[in-house]
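Participant: Residue numbers (the working numbering): 319 to 577. What follows is a single structure, and I will ask about it in a moment.
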Amino acid sequence: MPGQLSPTVQDMSLFERFNLGYGFRQYFRIDAASDDALRDDVYRIRHQVYCEELKFEPEREDRRERDEYDRHSLHCLMRTVQAPHALVGCTRLVLADPNAPDAPLPFERTCEQTLDRKIIDPAKLPRGRIAEVSRLAVRAPYRRRKGEHRTPADVNDEDFGTKDRPRFPYIPIGLYLGAISLAVHKDIDTLFVLTEPRLATHFSRLGVDIRQIGGPISHRGTRVPSVMDVQSIVRNMRMIMRPFWRAVNEEVERSLGQR
């Protein structure tokens, strides 16, 4: 389904419209990228989006975008259900470095001057219980909308459609849920993310409490650091989101060999 993030009401059965898990599974699958082949797909998506299209990072000869954080990260990979199972998008969960647990996560470096440590100080939290969601990227055919050619992925008001033409942003929300699922399975309590300021507004309608913890910075556009409590996300998720969460979580569990 290149060129759109979700089916419109004309494409959706009544069941699908009210069961986001069913709708997701009709189009996409999501895996924990737990082997070299899947991680290679992740790095290729990131290179295409971050290096070739957006020019956020320099292009590499091998066309794989990687950095020092990947050594202690977990990854999610989304593909289409229908053959040839086209690559759609990816994200990663950056864990504390087991060899240097006090080393800062990416957002701690980027937001060093703007982070409000009176709200929360990541340096004082158990380092093995925190992580950062980063490098969320969606391939161009699945994110082409007006003005979106300069962003790796986004959630906008129009993604939810209108009253007459409802739809849902399966791809970016699915990738975030994939990262949350990885966090659950790694016993992570606190998730950080550096993202556009309006993400909190869009997440709130899904029952996800995301709190800004610092001032805006200029980092590939305007970004703000935010925090989420993993167990609160799962516990307070709105009813309409629960089938979607179950579908993503079950697929992540399956790909981790836990089902």
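All residues carry an ideal CB built from backbone N, CA and C; glycine is no exception. The structure presented is a predicted model; accordingly, all values stated were derived computationally and were not measured.
Whose CA, out of Val-570, Phe-562, Ser-573, lies closest to the CA of Leu-338?
Facilitator: Checked all of Val-570, Phe-562, Ser-573; the closest Cα to Leu-338 is Phe-562.
Participant: Check whether the stretch 497-506 and the stretch 396-416 touch, using three or more Cβ-Cβ pairs below 8 Å as the test.
Facilitator: Yes, since at least three Cβ pairs between the stretch 497-506 and the stretch 396-416 fall closer than 8 Å, the two stretches touch.
Participant: For Glu-370, which residues in the same chain have their Cβ closer than 7 Å to its Cβ, ignoring the five residues on either side in sequence?
Facilitator: Glu-377.
Participant: Return the CA-CA distance between Leu-356 and Asp-380, expressed in angstroms with no decimal places.
Facilitator: Computed Cα separation, rounded: 16 Å.
Participant: Since Val-526 contacts Ile-551 with CB under 8 Å, what's their CB separation in whole angstroms?
Facilitator: Contact holds; Cβ gap of about 5 Å.
Participant: List the DSSP bridge partners of Ala-350.
Facilitator: For Ala-350, which the question treats as bridged, DSSP gives the partners Cys-394.
Participant: To which residues of the same chain is Ser-391 closer than 7 Å at the C-beta, ignoring the five residues directly before and after it?
Facilitator: Around Ser-391: Arg-410, Leu-411, Val-412, Leu-413.
Participant: Only counting the same chain, and skipping five residues up and downstream in sequence, which positions put a Cβ closer than 6 Å to that of Ala-351?
Facilitator: For Ala-351, where only same-chain residues beyond five positions count, the Cβ hits under 6 Å are Arg-357, Val-360, His-393, Leu-395.
Participant: Helix, strand or coil for Met-557, going by three-state DSSP, please let me know.
Facilitator: Three-state DSSP puts Met-557 in a helix.
Participant: Can you tell which of Glu-450, Pro-515, Val-456, Ala-565 has the C-alpha that lies nearest to the C-alpha of Thr-508?
Facilitator: Measuring from the Cα of Thr-508, the nearest candidate turns out to be Glu-450.
Participant: What's the gap between the Cα of Gly-465 and the Cα of Gly-496?
Facilitator: Below a pLDDT of 50, predicted positions are generally treated as unreliable, and Gly-465, at 48, falls in that range; the measurement from the model is reported next regardless. Taking the straight line from one Cα to the other gives about 26 Å.
Participant: What does Cys-369 pair with, by DSSP beta-bridge criteria?
Facilitator: Cys-369 pairs with nothing; no bridge assigned.
Participant: With Phe-521 as the anchor, note down where its alpha helix (DSSP H) starts and where it stops.
Facilitator: From DSSP, the alpha helix (DSSP H) with Phe-521 extends over 517-522.
Participant: What residue range does the beta strand (DSSP E) around Val-542 cover?
Facilitator: Where Val-542 is concerned, the enclosing beta strand (DSSP E) stretches over 540-547.
Participant: Using three-state DSSP, classify Glu-514 as helix, strand or coil.
Facilitator: Correct three-state label for Glu-514: coil.
Participant: If you draw a straight line from the alpha carbon of Ala-518 to that of Leu-524, how long is it in whole angstroms?
Facilitator: Their backbone Cα atoms lie some 10 Å apart in a straight line.
Participant: Out of Arg-445, Lys-436, Val-566, Tyr-460, which one is the CA nearest neighbour of Tyr-494?
Facilitator: Residue Val-566 is the option with its Cα nearest to Tyr-494.
Participant: Report the partner residues of Gly-407 according to the DSSP bridge assignment.
Facilitator: Note: Gly-407 sits in a beta bridge opposite Met-396, Val-456.
Participant: In whole angstroms, what is the alpha-carbon distance linking Leu-666 and Arg-435?
Facilitator: Because the chain spans 319 through 577 in this model, residue 666 falls outside it and cannot be assessed.
Participant: For Ser-499, I'd like the list of residues in its chain whose CB is within less than 7 Å of its CB, leaving aside the five on either flank, ordered along the chain.
Facilitator: Cβ neighbours of Ser-499 beyond the five flanking positions: Val-566, Asn-567, Val-570.
Participant: State buried or exposed for Glu-383, treating a residue as buried only when at least 16 other CB atoms are found within 10 Å of its CB.
Facilitator: Buried: at least 16 other Cβ atoms inside 10 Å.
Participant: As a quick exercise: from Ala-458, Met-559, Gln-344, pick the residue whose alpha carbon is nearest that of Gln-400.
Facilitator: If we check each option's Cα against that of Gln-400, Gln-344 comes out closest.
Participant: Please work out which residues of its chain come closer than 8 Å, Cβ to Cβ, to Pro-534, disregarding the five sequence neighbours upstream and downstream, and give them in chain order.
Facilitator: Excluding positions up to five away in sequence, the list reads Thr-432, Pro-515, Thr-540, Arg-541, Val-542.
Participant: Just how far apart, CA to CA, sit Pro-484 and Pro-490?
Facilitator: Since pLDDT at Pro-484 reaches only 40, below the 50 mark, its modelled position is unreliable, and no value is offered.
Participant: For Glu-450, which of helix, strand or coil comes out of DSSP?
Facilitator: Residue state, collapsed to three classes: strand.
Participant: Considering only residues of the same chain and omitting the five flanking positions on each side of Ala-421, which have a CB-CB separation below 8 Å?
Facilitator: Taken in chain order, the residues that qualify are Ala-414, Asp-415.
Participant: Compare the Cα-Cα distances from Pro-459 to each of Arg-553, Phe-374, Val-406, Asp-354 and report the closest residue.
Facilitator: Taking only the C-alpha atoms, the option nearest Pro-459 is Val-406.
Participant: Using a Cβ cut-off of 8 Å (strictly closer), state whether Arg-538 contacts chain C.
Facilitator: Of the protein chains in the structure, only one exists, and it is not chain C.
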